[in-house]
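Peer 1: Residue numbers (the numbering used here), protein chains in the order written: chain A, 2 to 76; chain B, 553 to 818. Positions of the beta carbon are idealized from the N, C-alpha and C atoms, including for glycine. Quick caveat: nothing in here was measured; it's all calculated off a predicted structure.
Right under this line is the structure:
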């Protein structure tokens, strides 16, 4: 996840942790890079849902707060 | 099933359920125990929670791998939300994963009591209904609140029998009975179940279903308790449909008084 070339990276938070991602990376690309199974996750950016149909068109912007969730055991 | 045990399915919005027992998937030892407990319970509707995904490199199997979606309706909850807006966000995320509109709304008041916050619950119900969700609403057992939730479009009202995970059973039978008279959507007792008789009592009072989690997962033998809950739900439902006798103050003999030899003149 860490990229040293600051010109080519944007800083954002993913699930509360600050991180740098390649400039221009999409949500779909981010999930792929993090090796997450797309069928079991959902994504919101700055507290708004990013519908899965739009993942490949939605680029991550600087300082965005990204949440990637899944379904776990619960009652 | 025999004719004398015939029952109608439990219908919540567009969802048709064969079993009136809904079970949670939390607190099990592992996914295999979860899978077996669900199977034994006979339930066809299981709840799940929405949480941050594990970003570690070593990702285990997902709960979703252990739940056969052709056998179970998955009911995502908004557990852990203490305000309407985070509950709505959580429901939207769940819908995006599952592609289904069913949600169990929980808007809680505080972490100590985990009691539902009635005002936040009303607000979130309104918003989710407007977004097209089939909302099953976890709430207190206040009958008038149930009416207001139904008016807002809730597809099921889910009163707590007692606080979540407390194992105290259904504390206020009268509130549940009044709620059942006042609303027409299914009433599913959610939370507070400790043991099988709690499920049976809820069903005998006329609840349309019971949702529980900790009572199975936390039992010494979860799989045996899953069987007990399955049987209690059926027993209570059948007793309700059969129509119990009235409670009376004095004895009424089961055997005829006529023809006795006792008391006959010697």
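For the segment 583-595 of chain B against the segment 713-732 of chain B, do three or more pairs of beta-carbon atoms, one drawn from each stretch, fall closer than 8 Å, so that the two count as touching?
Peer 2: no
Peer 1: First and last residue of the beta strand (DSSP E) that includes residue 761 of chain B?
Peer 2: 761-764
Peer 1: At which residues does the alpha helix (DSSP H) containing residue 682 of chain B begin and terminate?
Peer 2: 670-682
Peer 1: Can you look up residue 710 of chain B in the DSSP assignment and give me helix, strand or coil?
Peer 2: strand
Peer 1: Buried or exposed: which applies to residue 798 of chain B, given that a residue is buried once 16 or more other Cβ atoms fall within 10 Å of its Cβ?
Peer 2: Result: exposed.
Peer 1: Could you give the uninterrupted runs of the alpha helix (DSSP H) lying entirely in the segment 584-644 of chain B, keeping only those of 4 residues or more?
Peer 2: Those alpha helix (DSSP H) runs which fall completely within the segment 584-644 of chain B and span 4+ residues are 615-618.
Peer 1: Under 8 Å, Cβ to Cβ, is there at least one residue of chain A near residue 601 of chain B?
Peer 2: Closer than 8 Å: yes.
Peer 1: Kindly say whether residue 615 of chain B, judged by its beta-carbon, lies nearer than 8 Å to any beta-carbon of chain A.
Peer 2: yes
Peer 1: Report yes if the CB atom of residue 615 of chain B is closer than 8 Å to the CB atom of residue 72 of chain A, and no otherwise.
Peer 2: yes
Peer 1: Per the contact definition of three or more C-beta pairs closer than 8 Å, is the segment 22-39 of chain A in contact with the segment 564-580 of chain B?
Peer 2: no
Peer 1: Is the beta carbon of residue 676 of chain B less than 8 Å from the beta carbon of residue 640 of chain B?
Peer 2: In this structure, residue 640 of chain B lies closer than 8 Å to residue 676 of chain B by Cβ.
Peer 1: Closer than 8 Å is the cut-off here; do at least three beta carbon pairs connect the segment 657-676 of chain B with the segment 628-645 of chain B?
Peer 2: The segment 657-676 of chain B, when compared against the segment 628-645 of chain B, does touch it at the 8 Å Cβ threshold.
Peer 1: In angstroms with no decimal places, state the Cα-to-Cα distance between residue 4 of chain A and residue 25 of chain A.
Peer 2: Since pLDDT at residue 4 of chain A reaches only 49, below the 50 mark, its modelled position is unreliable, and the value read off the structure follows with that caveat. Approximately 13 Å, taken between the alpha carbons.
Peer 1: Would residue 802 of chain B be called buried (16 or more neighbouring beta carbons within 10 Å of its own) or exposed?
Peer 2: exposed
Peer 1: Does the segment 15-22 of chain A touch the segment 617-626 of chain B, meaning 3 or more C-beta pairs lie closer than 8 Å?
Peer 2: Verdict: no, contact absent.
Peer 1: Label residue 716 of chain B either buried or exposed according to how many other C-beta atoms from any shown protein chain fall within 10 Å of its C-beta, with 16 as the threshold for buried.
Peer 2: buried
Peer 1: Can you check whether the C-beta of residue 4 of chain A is within less than 8 Å of a C-beta belonging to chain B?
Peer 2: A caution first: residue 4 of chain A carries a pLDDT of 49, below 50, which makes its placement in the model unreliable, though a value can still be read off. Residue contact check for residue 4 of chain A against chain B: no CB pair falls below 8 Å.
Peer 1: Taking Cβ-Cβ distances shorter than 9 Å, what residues in chain A pair up with residue 649 of chain B?
Peer 2: The answer, in chain order, is 40, 41, 42, 43, 53, 70, 71 and 72.
Peer 1: Who are the Cβ neighbours of residue 653 of chain B in its own chain at under 7 Å, not counting the five residues just before and after it?
Peer 2: 647, 684, 685 and 686
Peer 1: Below 8 Å on the Cβ atoms is my guess for residue 706 of chain B versus residue 693 of chain B; work out the distance and round it to an integer in Å.
Peer 2: Incorrect: roughly 15 Å between the Cβ atoms, too far for contact.
Peer 1: Once the 5 residues before and after residue 759 of chain B are set aside, which same chain residues still bring their CB inside 6 Å of it?
Peer 2: 739 and 741
Peer 1: With distances taken from CA atoms, which of B:786, B:762, B:791 and B:787 is nearest residue 575 of chain B?
Peer 2: B:762
Peer 1: Please say whether residue 704 of chain B and residue 674 of chain B have beta carbons closer to each other than 8 Å?
Peer 2: yes
Peer 1: Quick one: grab the DSSP three-state call for residue 4 of chain A.
Peer 2: Legend: pLDDT at residue 4 of chain A = 49, less than 50; position of this residue unreliable, no value from coordinates given.
Peer 1: Relative to the alpha-carbon of residue 624 of chain B, which residue among B:665, B:600 and B:644 has its alpha-carbon at the smallest distance?
Peer 2: B:600
Peer 1: At 4 residues or longer, and completely inside the segment 727-814 of chain B: list those alpha helix (DSSP H) runs for me, N to C.
Peer 2: 748-756, 766-769 and 774-794
Peer 1: Out of A:11, A:70 and A:21, point me to the one whose CA is closest to residue 607 of chain B's CA.
Peer 2: A:70
Peer 1: What are the start and end residues of the beta strand (DSSP E) that includes residue 44 of chain A?
Peer 2: 43-46
Peer 1: Taking any Cβ of chain B, which residues in the segment 14-25 of chain A have a Cβ under 9 Å from it, in chain order?
Peer 2: Listed by position along the chain: 15, 16, 17 and 18.
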